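Working notes, beginning with the structure itself.
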Ligand SMILES: [Zn+2]
């Protein structure tokens, strides 16, 4: 699984403190990715760590596809 940090994670009124660009990509097991992306959203983008945020992170997960 992988999860790019896109700015939908930072799309709140606190978004002003976010970096102008964020190109972070996290890869790993689903739970690891969700945990790491949640931490990132909290520490970098100023989100509250709650169920809603985790759900948003989980919704953005992508299966890693090798072609
Ligand atoms: Zn980010």
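In the working numbering, the protein residues as written are 5 to 71.
Even for Gly, the Cβ is constructed at its ideal location relative to N, Cα and C.
Quick caveat: nothing in here was measured; it's all calculated off a predicted structure.
Task: Beta-ladder partner(s) of residue 6, from DSSP - done: Within the DSSP secondary-structure output, residue 6 pairs in a beta bridge with 31, 66.
- [ ] Can you tell me which of the three DSSP states residue 51 falls into?
- [x] Under the three-state reduction of DSSP, residue 51 is assigned to coil, being neither helix nor strand.
TODO: Would you please state the rounded distance, in angstroms, between the beta carbons of residue 6 and residue 56? I believe it to be under 8 Å.
DONE: In this structure residue 6 does not touch residue 56 by the C-beta definition: roughly 21 Å separates them, more than the 8 Å allowed.
TODO: Express the C-alpha separation of residue 50 and residue 40 in angstroms, rounding to a whole number.
DONE: So the two alpha carbons sit approximately 14 Å from each other.
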